[in-house]
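Q:
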Amino acid sequence: MNWHTRYLQQAAWTRDLRTYLFEKAGIADARRVLEVGCGTGAILREIKSPASLLGLDLEPASLAECRIHASAASLTRGDAHFLPYPDQSIDIVYCHFLLLWVRDPLQVVYEMARVGRTVLALAEPDYSQRVDEPAELQKLGKWQADALVRRGADPSFGSRLAETFYQAGIQLIETGPIQSAEKRRLPVEWKNEWAVIEADLAESVSGEDIQKMRVLDENARKKRRAGFACAYLFCLG
Ligand SMILES: C[S@@+](CC[C@H](N)C(=O)[O-])C[C@H]1O[C@@H](n2cnc3c(N)ncnc32)[C@H](O)[C@@H]1O
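Take 1195 as the starting number for the sequence shown in our numbering and just add one per residue.
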């Protein structure tokens, strides 16, 4: 699995939302913008702003790729639970598909609010709201959620995102779901999605069962109304 390709795909799902939220957060006037859990730079590379761009991630390999894809950003290896920045030193601090992976999301959100004046959690999945049609495909959603749990993620964290910000004492300005994008129905998106599903399930589901689901999904694809919802929110600290 090429993770940068996957992150670019996820970045495309939230591009319109990010544009809206970054503008609303005042990115044009920001001096410092930080992505916590920046991965390979799929989001950082697209930010057009005179601000200094900062990225932090635990994984040296991701940071090495990020250096290539988001060469303007200053990168730091670190743990989101203990951000190495002074209080209120960053204008906008954001994350994108991070909190489902961390040991203590509340601690991470506390840290984001400590260092940042505006805190954005741009996307966290909520598999409990996932819609699979026809009903035979529901098994696929469960297999994928179980595979994420085995890799250490909380695939329903999106359902607790607003509550977590509230617990961290952050004033919520805007929060809500992202519906499945129209783009997801495009053949190339569908193919990429299936590359991820096959990689996720390779160790837990037989190739035959995966292929049965793929055929069912292919038949249903043109009729599908929605995939799964992601929660996002916009907050001012
Ligand atoms: C799903 S990737 C998302 C990457 C990027 N935000 C994006 O959307 O393209 C999650 C990233 O969070 C990083 N990560 C996970 N736990 C972390 C932690 N405790 N501190 C810092 N980074 C962490 C991982 O190394 C990975 O790069």
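Heads up, the beta-carbon is just placed ideally off N, CA and C, and yes, glycines get one too.
In this text the structure is predicted, and so the values were computed from the model without any measurement.
1. Could you check whether the Cβ of GLN1203 sits closer than 7 Å to any heavy atom belonging to ligand 1?
2. For LEU1277, which residues of its own chain have a beta-carbon under 6 Å away from its beta-carbon, when the five flanking residues on both sides are left out?
3. Tell me whether GLY1249 is buried or exposed, calling it buried when 16 or more other Cβ atoms sit within 10 Å of its Cβ.
4. Per DSSP, what kind of secondary structure is ILE1367 in: helix, strand or coil?
5. Any idea what DSSP makes of THR1358, helix, strand or coil?
6. Quick one: give me the first and last residue of the beta strand (DSSP E) that ALA1274 is part of.
7. What number of angstroms, rounded off, separates the C-alpha of ARG1226 from the C-alpha of ASN1386?
8. Quick check on the DSSP output: what are the complete alpha helix (DSSP H) runs of length 4 or more inside the region 1279-1333, in order along the chain?
9. For ASP1285, count the other beta carbons within 10 Å of its own beta carbon; 16 or more makes it buried, fewer makes it exposed. Which is it?
10. Starting from VAL1230, follow the beta strand (DSSP E) in both directions and report where the run begins and ends.
A: In this structure, then:
1. no
2. GLU1305 and VAL1309
3. buried
4. Strand at ILE1367.
5. helix
6. No beta strand (DSSP E) contains ALA1274, which DSSP labels as neither H nor E.
7. Their backbone Cα atoms lie some 34 Å apart in a straight line.
8. 1299-1309
9. The residue is buried, with at least 16 neighbouring Cβ atoms inside 10 Å.
10. 1226-1230
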